[in-house]
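Peer 1: Under this note's numbering, the first residue of the sequence shown carries the number 195, and numbering increases by one thereafter.
Quick reminder that beta carbons are idealized off the backbone N, C-alpha and C, glycines included.
My structure is below; once you've seen it, I'll send some questions.
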Amino acid sequence: LKIIGQSVWLDFISRDLIQSGQLKKLVENDCVCGVTVNPTIFEQAMVDSYLYDEDIRTMLSQGVSIADIYHKLMVADVVEASKILWPLYEKSDGLDGYVSIEVAPKYAHDAKKTIKEAHELWSQANHQPNIMIKVPGTEEGQEAIRHLTAEGFNINVTLLFSPGQYKKSADAYLAGIKQRADANAAIDKINSVASVFISRIDTLVDKKLEELMLTKAADEKVLENLKGKIGVAIVKQTYHEYRELLKSKRWKDLAACNANPQRVLWASTSTKNPAYSDVKYVEELIAAMSINTMPLKTLSAFRDYENVRETIEDNYGEAKENLALLEKAGINLNEVFSTLEEEGIQKFEASYEHLFAMLEEKCDKMMAA
């Protein structure tokens, strides 16, 4: 993948992964060159681990609030991971070597609060250059992306599900870079990625296809053939838009001023349907100038994969046809994208709230003891 030009990032973080040396081994042995995290991942990392207990006790004795304890624990892991990835950041001249940290999902529809929290997180992380701030690609998020990019932040635009959403995120990034360049500020060290979530698309669309098949309202064979293909089709179309953008005068003018392209990142790449290959969203989406962020299980499954070649352009015409057939069958993709965006925010909020409640309970027990 590295030879083709696709970077592998890890979609997971935990204190155990860092302290055991496993992350360092993944970087050295598996060419992992970045880390992405979200509230759900932090919830999985912290809920059953004792490795955070000492820090929690110390902060409780200092009178630190539970909200601040949560942020400090999260930032501490991100900073430690960023140190492991720092040599990659330097070697790649800022192309890779990033760790992402997400603003609170409850601010997904509030640009001002997103901007404020981004500043707080980056300050807590000591302005580490190889940290990316994750901002949801909502309408309000686009304004925050433009503003933060103009201020010099590295942004990971998250929860994108369509080519249209991608184009808006790219527009926000380019507008921020242009604003920064017009102010005679350096733009050569600013990087961004646009994260397109894949498996969630197929999970929702497959469910709608099954419901439609029960109504006998469309050709059952056609509907069955579309299952498991829409997520990949969306990504292929998004990649096409990405490559077209890189041909545009708007981009070329900024590139001449040493701007870096906002790369596309394939997220949510673990298959949810056991009938699908566990490397489906890796093998079908190998592309130059892109990133695939994989959970540990997917990374392990792909480790022994032999037929590695660029596949993103394969069957592009068929992918476009499948999207047209889906719309013809009565499934509105714009409604699917809107549903997925809101569900994504709600899932991250639920993880955030559950983790917060768990921390509260753990703190209460420690104080009682």
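With respect to the beta strand (DSSP E) encompassing glutamate 296, which residues constitute its N-terminal and C-terminal limits?
Peer 2: Reading the sequence shown from its first residue, position 102 is the one you call residue 296. From DSSP, the beta strand (DSSP E) with glutamate 296 extends over 292 to 296.
Peer 1: Methionine 552 and isoleucine 573 - do their beta-carbons sit closer together than 8 Å?
Peer 2: Because residue 573 is not part of the residues shown, which for the chain are 195 to 563, the question remains open.
Peer 1: Buried or exposed, going by whether 16 or more other CB atoms sit within 10 Å of the CB of isoleucine 197?
Peer 2: As a working mapping, residue 197 is identified with position 3 in the sequence shown. Exposed is the call here.
Peer 1: Rounded to whole angstroms, how far is the Cβ of asparagine 486 from the Cβ of glutamine 200, which I believe are closer than 8 Å?
Peer 2: Taking the sequence shown and counting its residues from 1, one reaches residue 486 at position 292. Taking the sequence shown and counting its residues from 1, one reaches residue 200 at position 6. Confirmed, about 6 Å.
Peer 1: What's the gap between the Cα of lysine 541 and the Cα of alanine 338?
Peer 2: Locating residue 541 in the sequence shown gives position 347, counting from the first residue. Locating residue 338 in the sequence shown gives position 144, counting from the first residue. Computed Cα separation, rounded: 21 Å.
Peer 1: Over what stretch of residues does the beta strand (DSSP E) that includes phenylalanine 391 continue unbroken?
Peer 2: For the purposes of this step, residue 391 is taken as the residue at position 197 of the sequence shown. It spans 386 to 391 - the beta strand (DSSP E) in which phenylalanine 391 sits, taken as one unbroken run.
Peer 1: Does the distance from the C-beta atom of valine 269 to that of leucine 211 stay below 8 Å?
Peer 2: As a position in the sequence shown, residue 269 is number 75, starting the count at 1. As a position in the sequence shown, residue 211 is number 17, starting the count at 1. Going by C-beta atoms, valine 269 is not nearer than 8 Å to leucine 211.
Peer 1: Please work out which residues of its chain come closer than 7 Å, Cβ to Cβ, to alanine 481, disregarding the five sequence neighbours upstream and downstream, and give them in chain order.
Peer 2: As a position in the sequence shown, residue 481 is number 287, starting the count at 1. Cβ neighbours of alanine 481 beyond the five flanking positions: Gln200, Tyr433, Glu504, Ile506.
Peer 1: Using only CA atoms, which one of Glu555, Ser386, Ala344, Phe206 lies nearest to alanine 377?
Peer 2: Taking the sequence shown and counting its residues from 1, the one referred to as residue 377 is at position 183. Closest by alpha carbon: Ala344.
Peer 1: Could you tell me whether the stretch 514 to 526 touches the stretch 324 to 340, using the rule of 3 or more Cβ pairs below 8 Å?
Peer 2: With the cut-off at 8 Å, the stretch 514 to 526 and the stretch 324 to 340 do not touch.
Peer 1: In the DSSP assignment, find the beta strand (DSSP E) that holds proline 330 and state where it starts and stops.
Peer 2: The residue you call residue 330 lines up with position 136 of the sequence shown. Per DSSP, proline 330 belongs to the beta strand (DSSP E) from 325 to 330.
Peer 1: For glutamate 414 and isoleucine 525, I'd like the C-alpha separation in whole angstroms.
Peer 2: One-based indexing of the sequence shown puts residue 414 at position 220. One-based indexing of the sequence shown puts residue 525 at position 331. Computed Cα separation, rounded: 14 Å.
Peer 1: Taking DSSP's pairing of strands, which residues face isoleucine 260 in a bridge?
Peer 2: Position 66 of the sequence shown holds residue 260. None; isoleucine 260 has no bridge partner.
Peer 1: Heavy atom of the ligand MG less than 7 Å from the Cβ of glutamate 500, yes or no?
Peer 2: Of ligands this structure carries none, so the ligand MG is not represented either.
Peer 1: Identify the residues that DSSP records as bridge partners of glutamine 359: which are they?
Peer 2: Against the sequence shown, residue 359 aligns to sequence position 165. Looking at the DSSP output, glutamine 359 bridges to nothing.
Peer 1: With a 10 Å radius around its C-beta and 16 neighbouring C-beta atoms as the bar for buried, classify leucine 342 as buried or exposed.
Peer 2: Translated into the one-based positions of the sequence shown, residue 342 becomes position 148. By the neighbour-count rule (16 or more Cβ atoms within 10 Å), leucine 342 is buried.
Peer 1: How about isoleucine 295 and valine 231: are their beta carbons less than 8 Å apart?
Peer 2: By 1-based counting over the sequence shown, the position of residue 295 is 101. By 1-based counting over the sequence shown, the position of residue 231 is 37. Yes; because the gap between Cβ atoms is below 8 Å, this pair is in contact.
Peer 1: So what's leucine 195 in DSSP terms, helix, strand or just coil?
Peer 2: Working through the sequence shown from its first residue, we reach residue 195 at position 1. DSSP places leucine 195 in coil when its eight states are reduced to three.
Peer 1: How far does the alpha helix (DSSP H) with serine 545 in it reach, from first residue to last?
Peer 2: Here residue 545 corresponds to residue number 351 of the sequence shown, with the count starting at 1. Where serine 545 is concerned, the enclosing alpha helix (DSSP H) stretches over 527 to 562.
Peer 1: Could you give the first and the last residue of the continuous alpha helix (DSSP H) run that contains glycine 511?
Peer 2: For the purposes of this step, residue 511 is taken as residue 317 along the sequence shown, with counting starting at 1. Going by DSSP, glycine 511 is part of the alpha helix (DSSP H) stretching over 510 to 522.
Peer 1: Nearest to arginine 374 by CA position, among Leu534, Ser363, Cys451, Ala412, is which residue?
Peer 2: As a position in the sequence shown, residue 374 is number 180, starting the count at 1. The option with the nearest alpha carbon to arginine 374 is Cys451.
Peer 1: Assuming methionine 407 contacts valine 202 (C-beta within less than 8 Å), just tell me the rounded distance between them.
Peer 2: Start at 1 with the first residue of the sequence shown, and residue 407 comes out as number 213. Start at 1 with the first residue of the sequence shown, and residue 202 comes out as number 8. At roughly 37 Å, the Cβ-Cβ gap does not stay under 8 Å, so methionine 407 and valine 202 are not in contact.
Peer 1: Check whether the Cβ atoms of serine 545 and proline 233 lie closer than 8 Å to each other.
Peer 2: Start at 1 with the first residue of the sequence shown, and residue 545 comes out as number 351. Start at 1 with the first residue of the sequence shown, and residue 233 comes out as number 39. Yes, the Cβ-Cβ distance between serine 545 and proline 233 is below 8 Å.
Peer 1: Could you have a look at valine 241 and say whether DSSP puts it in helix, strand or coil?
Peer 2: Residue numbering aside, residue 241 sits at position 47 when the sequence shown is read from its first letter. The answer is helix: DSSP assigns valine 241 an H, G or I state.
Peer 1: Taking a contact to mean a Cβ-Cβ separation below 8 Å, would you say alanine 364 touches glutamine 256 in this structure?
Peer 2: Walking along the sequence shown from the start, residue 364 turns up at place 170. Walking along the sequence shown from the start, residue 256 turns up at place 62. No; because the gap between Cβ atoms is not below 8 Å, this pair is not in contact.
Peer 1: In whole angstroms, what is the alpha-carbon distance linking isoleucine 278 and lysine 219?
Peer 2: As a first step, residue 278 must be located in the sequence shown, where it is residue number 84. As a first step, residue 219 must be located in the sequence shown, where it is residue number 25. Taking the straight line from one Cα to the other gives about 10 Å.
Peer 1: Name the one or two DSSP bridge partners that arginine 457 has.
Peer 2: The count along the sequence shown starts at 1 and reaches residue 457 at position 263. The partner list for arginine 457 (beta bridge, DSSP) reads Val387.
Peer 1: What residue range is occupied by the uninterrupted alpha helix (DSSP H) comprising valine 416?
Peer 2: Here residue 416 is taken as the residue at index 222 of the sequence shown, counted from 1. Here the alpha helix (DSSP H) through valine 416 covers 414 to 420.
Peer 1: Based on Cα-Cα distance, which residue from Lys328, Ser494, Gly425, Arg340 lies nearest to isoleucine 371?
Peer 2: Within the sequence shown, numbered from 1, the residue matching residue 371 stands at position 177. The residue among Lys328, Ser494, Gly425, Arg340 with its C-alpha nearest the C-alpha of isoleucine 371 is Arg340.
Peer 1: Do you know how far the Cα of lysine 556 is from the Cα of serine 208?
Peer 2: The count along the sequence shown starts at 1 and reaches residue 208 at position 14. The count along the sequence shown starts at 1 and reaches residue 556 at position 362. Cα-Cα distance, rounded: 18 Å.
Peer 1: Is leucine 368 near leucine 448, with beta carbons less than 8 Å apart?
Peer 2: Counting from 1 along the sequence shown, the entry for residue 368 is found at position 174. Counting from 1 along the sequence shown, the entry for residue 448 is found at position 254. Result yes, Cβ atoms of leucine 368 and leucine 448 sit closer than 8 Å.
Peer 1: Assuming tyrosine 499 and glutamate 477 make a contact with CB atoms under 8 Å, what is their CB distance in whole Å?
Peer 2: Taking the first residue of the sequence shown as 1, we reach residue 499 at position 305. Taking the first residue of the sequence shown as 1, we reach residue 477 at position 283. So it is a contact: roughly 7 Å between Cβ atoms.
Peer 1: What are the uninterrupted segments assigned as alpha helix (DSSP H) that are 4 or more residues long and contained completely in the stretch 419 to 485, given in chain order?
Peer 2: 424 to 439, 443 to 449, 474 to 477
Peer 1: For glutamine 359, count neighbouring C-beta atoms within 10 Å of its own C-beta (all shown protein chains included) and say buried if the count is 16 or more, exposed if not.
Peer 2: The count along the sequence shown starts at 1 and reaches residue 359 at position 165. Its Cβ being crowded by 16 or more others within 10 Å, glutamine 359 is buried.
Peer 1: Quick check: what's the CA-CA separation for glutamine 322 versus serine 276?
Peer 2: Along the sequence shown, read from residue 1 onward, the residue named residue 322 stands at position 128. Along the sequence shown, read from residue 1 onward, the residue named residue 276 stands at position 82. Distance between the alpha carbons of glutamine 322 and serine 276: 8 Å.
Peer 1: Which residues mark the beginning and the end of the beta strand (DSSP E) in which isoleucine 349 is found?
Peer 2: Indexing the sequence shown from 1 puts residue 349 at position 155. From DSSP, the beta strand (DSSP E) with isoleucine 349 extends over 349 to 354.
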